[in-house]
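**Student:** Pasting in a structure now, in structure tokens, and then I'll have a few things to ask.
Numbering (the working numbering), first residue to last: 18 to 172.
So, in structure tokens, the structure goes:
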């Protein structure tokens, strides 16, 4: 038998079960949503090195910064007062509430959205952080591209 929880070490499981049945359930760590990837085009980029226990906190922060600097993770149209975030934040927004619910700011957003935007604000420039916390914008979700994130081979 495996560690506590009674799962056989060599039994069958799935990556979906690892993510949702173990990691999301047992660890209050919303940064996993920018670290665990399913290989779809809209997913965060796959890191080139493995996560390690000693460096995990910094690695997760770096994955968040990278994803939120990509057009798949975050887009801002300040002139139109619109902020676009990955659909990941819509699907798993409740995971951000325990650690990122702000005491104030982010006016006009629902509680879950306020927590998501407070999380995102941690990983963007000071200028964007101020814009986000000030509220007054429409929050929209980017359509997710489920096609395989494959590398094009040069001719």
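Backbone N, C-alpha and C fix where the C-beta goes; we use that ideal spot for every residue, glycine too.
Values in this document were obtained by computation on a predicted structure and should not be read as measured data.
Look at the Cβ atom of residue 6, then the Cβ atom of residue 159, and state whether they are nearer than 8 Å.
**Tutor:** With the chain represented from 18 up to 172, any question about residue 6 goes unanswered, as that position is not in the structure.
**Student:** At what residues does the beta strand (DSSP E) containing residue 99 begin and finish?
**Tutor:** Annotation for residue 99: the continuous beta strand (DSSP E) segment containing it runs 99-103.
**Student:** Sort out for me which residues DSSP pairs residue 80 with in a bridge.
**Tutor:** DSSP output for residue 80 lists no bridge partner at all.
**Student:** Which whole-angstrom value is the C-beta distance of residue 110 and residue 130, which I expect to be below 8 Å?
**Tutor:** Distance from residue 110 to residue 130 at the Cβ level is roughly 7 Å; contact confirmed, criterion being Cβ atoms closer than 8 Å.
**Student:** Is it true that the CB of residue 51 sits closer than 8 Å to the CB of residue 92?
**Tutor:** no
**Student:** Could you give the distance in angstroms between the alpha-carbon of residue 141 and the alpha-carbon of residue 163?
**Tutor:** 26 Å
**Student:** Can you tell me where the alpha helix (DSSP H) holding residue 146 begins and where it ends?
**Tutor:** Unbroken alpha helix (DSSP H) run through residue 146: 143-151.
**Student:** How about the region 105-119 and the region 62-79: do they share at least three Cβ pairs that are nearer than 8 Å?
**Tutor:** no
**Student:** If you follow the alpha helix (DSSP H) that residue 114 is part of, which residue opens it and which one closes it?
**Tutor:** 114-117
**Student:** Among 136, 167, 106, which residue has its Cα nearest to the Cα of residue 119?
**Tutor:** 136
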